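Worksheet: the structure to be examined is printed underneath.
There are 4 protein chains.
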Amino acid sequence: MTDDRGARRRRANGEESRRKILDATVEVAGERGYEGTSIALVSKKCGLPASSIYWHFKDKDELIAAVIERSFDSWLSALTLPGEEHGQPVERVTEMSRQVAKSLLETPEFLRLGLMLTLERRPEEPSARTMFLQVRHIAAQRITAVIGDFLPDLDDDSVRLLATYAMAGADGLFIAKEIGGDSVDLLRLFELHAHVLFAAAAHLSAGAPPPPGLLSP
Amino acid sequence: MTDDRGARRRRANGEESRRKILDATVEVAGERGYEGTSIALVSKKCGLPASSIYWHFKDKDELIAAVIERSFDSWLSALTLPGEEHGQPVERVTEMSRQVAKSLLETPEFLRLGLMLTLERRPEEPSARTMFLQVRHIAAQRITAVIGDFLPDLDDDSVRLLATYAMAGADGLFIAKEIGGDSVDLLRLFELHAHVLFAAAAHLSAGAPPPPGLLSP
Amino acid sequence: MTDDRGARRRRANGEESRRKILDATVEVAGERGYEGTSIALVSKKCGLPASSIYWHFKDKDELIAAVIERSFDSWLSALTLPGEEHGQPVERVTEMSRQVAKSLLETPEFLRLGLMLTLERRPEEPSARTMFLQVRHIAAQRITAVIGDFLPDLDDDSVRLLATYAMAGADGLFIAKEIGGDSVDLLRLFELHAHVLFAAAAHLSAGAPPPPGLLSP
Amino acid sequence: MTDDRGARRRRANGEESRRKILDATVEVAGERGYEGTSIALVSKKCGLPASSIYWHFKDKDELIAAVIERSFDSWLSALTLPGEEHGQPVERVTEMSRQVAKSLLETPEFLRLGLMLTLERRPEEPSARTMFLQVRHIAAQRITAVIGDFLPDLDDDSVRLLATYAMAGADGLFIAKEIGGDSVDLLRLFELHAHVLFAAAAHLSAGAPPPPGLLSP
DNA sequence: AATGAATGAGGATTCATTCAT
DNA sequence: AATGAATGAATCCTCATTCAT
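Those protein sequences? They're chains A, B, C and D, same order as listed.
Residues in the first sequence are numbered consecutively from 2, following this note's numbering.
Residues in the second sequence are numbered consecutively from 2, following this note's numbering.
Residues in the third sequence are numbered consecutively from 2, following this note's numbering.
Residues in the fourth sequence are numbered consecutively from 2, following this note's numbering.
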């Protein structure tokens, strides 16, 4: 049995190698961004020679795009959103926020790398960046759907605005956590964010000048 | 006279060269981040040879730190905050938000580069990153002061939480604008953000007073 | 029956694969020479994985040698030389020239690749080069034979010189065509070459100091 | 004095370095062609690190183009063509041929590399190839001029044909020498070539006047 | 008869930086 | 105050080839 393992080690195993490469790449790219990710470093981290990486991925760009894709998938699946059947809006949105906060605490590489790619404005858009914007678009659509569901009276424009604001808050809070470290209570901030979204919704549906103090108890 | 002029010229050129280098660097670094900024590219953009850049700046790290510093200064000076004497809280905060939104639209390189540096988690913290965190800390203190001023009843913890939330919103909205481009109405979003901050304040001050120490580790 | 067909199919595929590889290699090597021909490129062109190429050919050197060999064969067979029985020398040589010109127009890869290999002076003579020199030697012998046949009075040295000159002309004209493209009338040039060979023969048989002006009308 | 030399060695000397690089490159490229010429090999031959080569030349392509240009110049200047004032046509052309033969024996790298580039048909024409074709075009014009001078009665088409034939002969004989080595008497072959050109001229001017337009497509 | 996977060596080129002038 | 030239380390990527299946 143990002998077998030794043999297996020597045997080519594409699937596993691919996984090892991706694992190493998330780690490196999540720390250092697109340019900072060198094939040599990934190679060292995953134990495979650089040329083997090129067997599995056309080039660095495709490698990082693959990382984004996989990270998003695993991040999404880590997000066990509450069913739609129970609970009141406030509680459900709060629960969602909590889920997102937790997932960002557990797998921060996905968003960190994605935001780094987003902020880069290089001439030749790397496909990794495009990939992130795509998966982000998917997330945005989900949020829009949820908001439209919860607040059926809101016009489309306001729904979109609210969705943008919701995502922006998540991005910003994530960054705050990255900077502040342990001194930042991400869960509480996300709770606040959830609460506040209702205020925003009220503000938007009430139309211009929302009566101040409406939201305070 | 002519000698004097020649001398002045030469000295002036020194400063002009420095400026040209910094100008080129904001452009490049704002597009490509820390690693993506190469001395050769900066050299090509500013027309001066690479070795001249090293006459003005010790190394790449110091160059980018200088860029951050200068960008922050010019960003701050573009921020003509309203005096504290007039207006109601709501209006004043709204006006502040508008100012910030406008400044981010005008000089986005500062925050873009800063956030890129922030997200990078490289082993040897470049002083450019540290520089950004410092200037960001200054900004955070100002916001905290303003909030404490407006809402004197709020406990310190809540003020800090609110300040964090305020900055996070700004960061997130900036990113949303970077991604969405013209389809994102940054001014309106910042207005919403201002409103929302009051709701958050209300939530924090009225809601079950947060157990002290919850936020600090 | 069906089994048989399956078996035959499989065996036939072996040969077909070999052919596909050779086809791809002529194309690539005719364009880029020995060094410029990469197994990866050939693999992409023929659709078979690189390792399959190594099943059919020991290494790159042998692959290109095989290409040379096959190209020479097909070039030779495209060369329907006139029988020795009929016609006068002038006409027969002219016809030969025409044939050679036509064959070079139809399958230029053979000579192009061959000349590329010839001009390369690398330390370790690749067997591909040797192969070309061998087949070239065969061609040279044929020409020598033909010349000796036509001009029995010529001494061996002069025959060899003439043969060399004949081949050199063919090579040079081929190159001229490669450079000049459509603006070069290869057929007419080869006709001229044939004519001129007789003048050369006359010059050589007349012995040293050829009477100047003998050839002018 | 000797000390000075030691110091000079350490001192940067662009002109000399450039020359050393070019010298090394002719040697390598003349032997191995475009693809076979590696920057590492050139670096080793000239003693300068690879990165220094990139200070003097944008890339490999430009380096080899520069080699072609310089080689052609030095080849041309090695060609001490006889003055036009004295001698009979036959002798003058014979002398010219001898000069060309000698120059090709002395500096064969120029034509060898040039022909190698010529034969390559890669998609992205390297500028080195273009450069060779340009200098070759200059040479062709000179030959055309000389022929037109010597044989004023010849129509333009025939002059061009003859010039093409003359150059083709030179190319072919050069290749014959490359293949045959010492067994090939290049000087005698070039003498033969000179003679033959007169025969060709006679053939063209006396023979049925070529139908005009025959050569143009 | 074929191929997916692996691999070390080497390819061209760019990097940040230095140094003599 | 500036710069032409140099340099070693690193960059991404391709090379020819092998091997287990």
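Idealized CB from N, CA, C, for every residue including glycine.
These figures come from a predicted structure and were not determined experimentally.
Query, Result
"Alpha carbon of Leu64(D) to alpha carbon of Arg19(D), nearest angstrom", "10 Å"
"For Gly37(B), the nearest candidate out of Val185(A), Asp24(A), Ile148(A) and Pro124(A) (CA to CA)", "Pro124(A)"
"Beta-carbon neighbours of Arg99(B), restricted to chain A and to distances below 8 Å", "Neighbours of Arg99(B) on chain A: none; closest Cβ ~15 Å, over 8 Å."
"Beta-carbon proximity check, Leu80(A) vs Ser104(A), cutoff 9 Å", "yes"
"Chain-ordered neighbours of Thr119(D) on chain C, where CB pairs are closer than 7 Å", "Ile176, Glu179 and Ile180"
"Any non-hydrogen atom of the ligand NAD closer than 8 Å to Asp60(D) Cβ", "Absence of the ligand NAD from the depicted structure is noted, as is the absence of any ligand whatsoever, leaving it without description."
"Residue burial classification, Thr26(A) (beta-carbon count within 10 angstroms, cutoff 16)", "buried"
"Chain-order list of residues whose beta-carbon lies under 8 Å from that of Val160(D) (same chain, five-residue window excluded)", "Thr145, Ile148, Gly149 and Leu152"
"Under 8 Å from the C-beta of Thr26(A): neighbouring residues of chain B", "Those do not exist, as Thr26(A) stays about 15 Å from chain B at its closest Cβ, beyond 8 Å."
"Alpha helix (DSSP H) segment containing Gly181(A), residue limits", "Asp157 to Gly181"
"Simplified DSSP state of Gly48(A), which is helix, strand or coil", "coil"
"8 Å contact criterion, which Arg99(D) and Gly31(C) should meet: CB distance rounded", "Wrong, their Cβ atoms sit about 35 Å apart, outside the cutoff."
"Neighbour flag for Leu205(C) against chain D, beta carbons, 9 Å", "yes"
"Inter-residue spacing [alpha-carbon to alpha-carbon] between Glu179(B) and Ala169(B)", "15 Å"
"Delimiting residues of the alpha helix (DSSP H) encompassing Arg20(D)", "Gly15 to Gly37"
"Run of the alpha helix (DSSP H) containing Gln142(C), from where it starts to where it stops", "Ser128 to Phe151"
"Chain C contact for Gly34(D) (CB, 9 Å cutoff)", "yes"
"Same chain, Cβ closer than 6 Å to Arg190(B), neighbours up to 5 away in sequence not counted", "One detail in the question is off: residue 190(B) reads as Leu in this sequence, not Arg. So the qualifying residues of the chain are Leu174."
"Straight-line gap, Thr119(C) to Gln135(C) (C-alpha atoms, nearest Å)", "11 Å"
"Val43(D), DSSP secondary structure in three states", "helix"
"Residues that Tyr166(A) contacts on chain B, provided the C-beta gap is smaller than 7 Å", "Leu190 and Leu193"
"Short CB-CB distance (under 9 Å) between Leu134(C) and chain D", "yes"
"Expected contact under 8 Å - CB spacing of Ile69(C) and Met132(C) to nearest Å", "5 Å"
"Other residues of its chain near Lys61(B): CB distance less than 8 Å, five sequence neighbours each side excluded", "Thr38 and Ile40"
"Cβ-Cβ separation, Tyr35(B) to Leu193(A) (assumed contact under 8 Å), whole Å", "Their Cβ separation, rounded to whole angstroms, is 32 Å, which puts Leu193(A) and Tyr35(B) out of contact at 8 Å."
"Local conformation of Leu198(B) per DSSP, three classes", "helix"
"N- and C-terminal bounds of the alpha helix (DSSP H) containing Phe219(B)", "Residue coverage of chain B in this structure runs from 2 to 218, which leaves residue 219(B) outside it and unanswerable."
"Beta carbon proximity, Leu105(D) to chain C, threshold 9 Å", "no"
"Short CB-CB distance (under 9 Å) between Pro50(D) and chain C", "no"
"Contacts that Leu116(B) makes with chain A (C-beta to C-beta distance below 9 Å)", "Leu116, Met117, Leu120 and Ile176"
"Classification of Trp76(A) by the beta-carbon crowding that lies within 10 angstroms, buried from 16 upward", "buried"
"With 16 other Cβ atoms within 10 Å as the buried cut-off, status of Val29(C)", "buried"
"Arg189(A) (DSSP reduced to helix, strand or coil)", "helix"
"Gly115(B) beta carbon less than 9 Å from that of Ser72(B)", "yes"
"Distance between Leu163(A) and His204(A) (C-alpha atoms, nearest Å)", "10 Å"
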